[in-house]
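Q:
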Amino acid sequence: MKKSMIVLMVICILLFMAAGPAQAKAAYVDDYNTGDKPNSMGGDLGAFDFQPEDLTQSCLVAYDSDVKRGDSGFSMRLEYDVDSLNPAFNGFWTKLNGFNAKGYNKVVLWVKGDADKGHTTTFKAELKNDRGEQGEYYVTGITGDWTKVKIPLNRFDGITDLSSLSEFIIVFEDNIVTTKEGTIWIDDIYFSN
Numbered sequence: 548m549k550k551s552m553i554v555l556m557v558i559c560i561l562l563f564m565a566a567g568p569a570q571a572k573a574a575y576v577d578d579y580n581t582g583d584k585p586n587s588m589g590g591d592l593g594a595f596d597f598q599p600e601d602l603t604q605s606c607l608v609a610y611d612s613d614v615k616r617g618d619s620g621f622s623m624r625l626e627y628d629v630d631s632l633n634p635a636f637n638g639f640w641t642k643l644n645g646f647n648a649k650g651y652n653k654v655v656l657w658v659k660g661d662a663d664k665g666h667t668t669t670f671k672a673e674l675k676n677d678r679g680e681q682g683e684y685y686v687t688g689i690t691g692d693w694t695k696v697k698i699p700l701n702r703f704d705g706i707t708d709l710s711s712l713s714e715f716i717i718v719f720e721d722n723i724v725t726t727k728e729g730t731i732w733i734d735d736i737y738f739s740n
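In structure tokens, the structure reads:
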């Protein structure tokens, strides 16, 4: 009886060792709950404008404690405006600091549009890596309610190396957005498998 228990324990240990270290189920880019920089990966974040000198287009980012997922913390509010006579695009970026996304198969984020002020139902998501590659994916179906968006990493056309990601970006393009001026909130951006 004791021999069979020892053999069983040895088999269990060998199976556990053969399985290798378990991959984390989620690697958070940010949940915004601190209400301050840096993001959960230690990276900076902010807004960008294609033509900052054109005052008819802009993107403002701010932590928002009034509209968030859950009972506490913050979300990130993105107020965009691409209603310009000039070509216009802008958006939000967050640094990933060389994050190795091998072993993950999607990036997940929660998005909510401002039903009162208006919002686009579509925007572009981009991933960049340290090799200079850039992949893009168009997110659609954004509503006035929190929507969980799951983007398979293999759908980011243009990026082949996930071993050292540098940046995640949300882009509002004047020829793609369904509303040229509006507000969306994002929360809980993470990589998942």
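Our numbering numbers the first residue of the sequence shown as 548 and each following residue consecutively. Note that CB positions come from ideal geometry on N, CA and C, so glycine has one too.
In chain order, what residues of the same chain have a beta carbon less than 6 Å from the beta carbon of K642, not counting five sequence neighbours either side?
A: Closer than 6 Å at the Cβ level, and outside the excluded window around K642, lie G590, D591 and E714.
Q: What residues in its chain sit with their C-beta under 7 Å from that of T690, if we drop five residues either side in the sequence?
A: Here the set comprises G660.
Q: Confirm, please, whether the CB-CB distance from F719 to N637 is below 7 Å.
A: Yes; because the gap between Cβ atoms is below 7 Å, this pair is in contact.
Q: Express the C-alpha separation of D596 and F738 in angstroms, rounding to a whole number.
A: Their Cα atoms are separated by approximately 26 Å.
Q: Using 8 Å as the cut-off, can you tell me whether the region 663-670 makes contact with the region 605-619, which would need three or more C-beta pairs spanning the two stretches below that distance?
A: No, because fewer than three Cβ pairs between the region 663-670 and the region 605-619 fall closer than 8 Å, the two stretches do not touch.
Q: Go ahead and pull the three-state DSSP assignment for P568.
A: Caution applies to P568, whose pLDDT of 43 falls short of 50 and renders its modelled position unreliable; the model cannot decide the point.
Q: Under the assumption that D735 contacts D578 (Cβ atoms under 8 Å), give the Cβ distance between them as a whole number of angstroms.
A: Confirmed, Cβ separation roughly 5 Å.
Q: Anyone know if the C-beta pair for N580 and F639 falls short of 7 Å?
A: No, the Cβ-Cβ distance between N580 and F639 is not below 7 Å.
Q: Please state whether DSSP places N701 in a helix, a strand or coil.
A: The answer is helix: DSSP assigns N701 an H, G or I state.
Q: Closest to F670 by CA distance: which of Y684, N647, N676 and D677 is it?
A: Checked all of Y684, N647, N676 and D677; the closest Cα to F670 is Y684.
Q: Thinking just about the alpha-carbon of each residue, which of D628, K572, S587 and A574 is nearest to the one in I723?
A: It is D628.
Q: Would E626 pass as a contact of T730 if the rule is Cβ separation under 7 Å?
A: Yes, they are a contact pair.
Q: Report the option in D708, S587 and W693 whose CA atom is closest to the CA atom of L700.
A: Of the listed residues, the one whose Cα sits closest to L700 is D708.
Q: Could you name each continuous beta strand (DSSP E) segment of 3 residues or more that falls completely within the region 561-636, going from the start of the chain to the end?
A: For the region 561-636, whole beta strand (DSSP E) runs of length 3 or above, ordered along the chain, are 573-577, 592-596, 605-611 and 622-628.
Q: For F563, does the count of other Cβ atoms within 10 angstroms reach 16, so buried, or fall short, so exposed?
A: Bear in mind that the predicted position of F563 carries a pLDDT of just 40, short of 50, making it too unreliable to give a figure here.
Q: Flag this pair as yes or no: are the beta carbons of W657 and R616 separated by less than 7 Å?
A: Their beta carbons are under 7 Å apart, which means W657 touches R616 by this criterion.
Q: Enumerate in chain order the residues of its own chain whose CB-to-CB distance from K695 is below 7 Å, with the five nearest sequence positions on each side excluded.
A: Cβ within range, chain order: V655 and W657.
Q: When we look at the beta-carbon of G582 and count the other beta-carbons within 10 Å, is it buried (16 or more) or exposed?
A: The residue in question, G582, is exposed, as its Cβ has fewer than 16 Cβ neighbours within 10 Å.
Q: What's the C-alpha gap between N740 and M588?
A: Roughly 18 Å separates the two Cα atoms.
Q: May I have the straight-line CA-CA distance separating D677 from S710, to the nearest angstrom?
A: Their backbone Cα atoms lie some 9 Å apart in a straight line.
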